[in-house]
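Numbering (UniProt numbering), first residue to last: 1 to 186.
Just below is one structure, and these are the notes that go with it.
What follows is the structure, given as structure tokens:
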């Protein structure tokens with residue numbers, strides 16, 4: 001091996017039921033996950049093992065499904081709780097309800113569970129969900145009332161566009177950007 005060549009990659013490990021369980025537990029210790037996300041992670045390991053070692057991908061898929069079913073029964077995986085936690089986290093960061101639905105869908109959360117998570121969030125949050133999220137985004141990105149007063153007029157259109165790209169309706173974006181101060185939006 002010369003200095004110009006990167007070191008050779010280690011081949012993936014041969015997948016067994018015990019290896020998948022260890023990998024799943026390690027993953028769940030580090031990340032909150034939906035069952036679909038965990039399935040994707042484990043199936044990538046199964047697919048790599050099948051390519052490198054010729055193991056049976058169908059058998060690996062059965063192990064993954066058994067593991068996920070067992071974790072769902074035991075409560076180690078809970079898609080409803082994950083959806084509620086993720087929706088609340090995204091809302092605090094200033095994500096619109098439309099974008100929250102899309103992000104939950106990308107994580108394998110169904111439409112009904114996403115709706116329930118947003119309903120639960122709506123009960124916890126005082127006022128309009130999208131308005132409070134738009135204010136949070138404006139505060140984080142220093143848009144509208146959080147911008148320096150002498151620069152507000154110059155950046156008004158850009159601030160409106162930033163809120164629009166984030167998934168907020170024009171009337172909400174306009175209310176936030178044109179507010180004298182954050183407290184006057186309500």
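Note that CB positions come from ideal geometry on N, CA and C, so glycine has one too.
Using only CA atoms, which one of the options lies nearest to residue i?
i: residue 28; options: 55, 58 and 68; result: 68
i: residue 81; options: 55, 110 and 135; result: 110
i: residue 46; options: 86, 64, 11 and 132; result: 64
i: residue 54; options: 158, 163, 16 and 173; result: 16
i: residue 120; options: 37, 85 and 142; result: 85
i: residue 32; options: 76, 5, 42 and 6; result: 76
i: residue 105; options: 162, 8, 87 and 130; result: 87
Would you say residue i and residue j are within 8 Å of each other, going by their C-beta atoms?
i: residue 156; j: residue 146; result: no
i: residue 94; j: residue 136; result: yes
i: residue 117; j: residue 173; result: no
i: residue 20; j: residue 42; result: yes
Could you please give the first and the last residue of the uninterrupted alpha helix (DSSP H) stretch that includes residue i?
i: residue 57; result: 57-74
i: residue 51; result: 35-53
i: residue 116; result: 111-124
i: residue 130; result: 129-141
i: residue 164; result: 156-165
i: residue 171; result: 170-177
i: residue 184; result: No alpha helix (DSSP H) holds residue 184; DSSP gives it neither H nor E.
i: residue 78; result: It is not in any alpha helix (DSSP H) - residue 78 carries neither H nor E in the DSSP assignment.
i: residue 27; result: 17-30
For residue i, collect the residues of the same chain with a Cβ closer than 6 Å to its Cβ; drop the 5 residues on either side in sequence, then sort them by chain order.
i: residue 181; result: 145
Residue i: beta carbon under 7 Å from a heavy atom of the ligand GDP?
i: residue 132; result: With respect to the ligand GDP, the structure shown offers nothing to examine, as it has no ligands at all.
Here's the rule I'm using: 16 or more other beta-carbon atoms within 10 Å means buried, otherwise exposed. How should residue i be labelled?
i: residue 71; result: buried
i: residue 168; result: buried
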